[in-house]
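Only one structure is covered here, and it is reproduced in the block below.
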Amino acid sequence: MSADLERMFEGASIIVHLAALTNAEATVGQEEETERINLEGVKRVADACAKTGSKLIFPSTTSVYGSQESVVDETCTDLKPQSPYAVSKLKAEEYLSGKHSSNLKFITLRLATIFGWSPGMRFHTAVNKFIWQAVNGKELTIWKTAWEQKRPYLDLGDCVRAVNFVVERDVFDGGIYNVVTENFTVKDIVGAIQEFVPNLRMKYVGNEKL
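Using full-length UniProt numbering, you'd call the opening residue of the sequence shown number 1 and step up by one each time.
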């Protein structure tokens, strides 16, 4: 596998490693599979990049912070990943940090929950799910504890701009950076949707765990 990656990476200046299991809830009970794909995959890609001289952009997640009492930034060391997905991403970050003194040039981007149109739509995340429910005349299903709970969200366009910024400015310094459009509550999201779909119907469901 590593030799195959090295052949594929020959001549590539930058690798953006997007391959991963990304549905946090779906990784519960799938710890081994999640680690095999999300951690071992990163190790192989990073090792191949180090050997070929390709620079690496690693998309991690703000989910590594877990539940915090206040807004945190990259200096936070009290990390509380709450799903196998988040755990695997944090382990991958730690692996890359250990490669900092090697030939590997990389950057880690902790992406917030992405929303917006894409060919592979994710309808299990709040913004996309709520919009889909609203425009189809369905009730918005809202976690009971989430109404005033702030979470970081990332517009897909902002995500693309962040990656382009790294490429254009050559910011492969081994650092870890949060990439967030804004921290929103569910109340904020619903209010924004109501501006376009005034007659929203909502129902509350069981507590969110992840």
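Here a beta-carbon is modelled for each residue, glycine too, at the ideal position from N, C-alpha and C. All of these numbers come straight from a predicted model, not from anything done at the bench.
> When we look at the beta-carbon of residue 42 and count the other beta-carbons within 10 Å, is it buried (16 or more) or exposed?
Replying inline: In the sequence shown, counting from the first residue as 1, residue 42 sits at position 42. Under this definition residue 42 is a buried residue.
> If you draw a straight line from the alpha carbon of residue 164 to that of residue 154, how long is it in whole angstroms?
Replying inline: In the sequence shown, counting from the first residue as 1, residue 164 sits at position 164. In the sequence shown, counting from the first residue as 1, residue 154 sits at position 154. If you take the alpha carbons of residue 164 and residue 154, they lie about 15 Å apart.
> Does at least one heavy atom of the ligand NAP sit under 7 Å from the Cβ of residue 111?
Replying inline: Absence of the ligand NAP is noted for the structure shown, with no ligands found whatsoever.
> By Cβ distance below 8 Å, which residues in the same chain neighbour residue 270 in space, the five residues on each side in sequence not counted?
Replying inline: What the structure shows of the chain is the stretch from 1 to 210, and residue 270 is not part of that stretch, so it cannot be assessed.
>> Can you list, in chain order, the residues of its chain with a C-beta nearer than 7 Å to that of residue 123? Leave out the 5 residues immediately preceding and following it.
In response: Here residue 123 refers to the residue found at position 123 of the sequence shown. Cβ within range, chain order: 129 and 132.
> Quick one: what's got a C-beta closer than 6 Å to residue 152's C-beta in the same chain, skipping five residues either side?
Replying inline: Translated into positions along the sequence shown, residue 152 becomes position 152. Correct list, in chain order: 62, 112, 180 and 183.
> Helix, strand or coil: which one does DSSP assign to residue 132?
Replying inline: The residue you call residue 132 lines up with position 132 of the sequence shown. Three-state result, residue 132: helix.
>> Which of the three DSSP states is assigned to residue 55 in this structure?
In response: Locating residue 55 in the sequence shown gives position 55, where the first residue counts as 1. Here residue 55 sits in strand by DSSP.
> In whole angstroms, what is the alpha-carbon distance linking residue 197 and residue 190?
Replying inline: Within the sequence shown, the letter at position 197 stands for residue 197. Within the sequence shown, the letter at position 190 stands for residue 190. Answer to the nearest angstrom: the Cα atoms are 10 Å apart.
> Just checking, does the region 133-147 make contact with the region 78-98 on the three C-beta pairs under 8 Å criterion?
Replying inline: no
>> Considering only the alpha carbon of each residue, which of 193, 150 and 178 lies closest to residue 69?
In response: Along the sequence shown, read from residue 1 onward, the residue named residue 69 stands at position 69. Checking every option, the nearest Cα to that of residue 69 belongs to 150.
> Helix or strand or just coil, what does DSSP make of residue 203?
Replying inline: Within the sequence shown, residue 203 is the residue found at index 203, counting from 1. Residue 203: strand per DSSP, three-state reduction.
> What is the DSSP secondary structure of residue 122, reduced to helix, strand or coil?
Replying inline: Your numbering for residue 122 matches position 122 in the sequence shown. Coil at residue 122, not helix or strand.
>> For the pair the region 86-93 and the region 32-51, tell me if three or more CB-CB distances fall below 8 Å.
In response: yes
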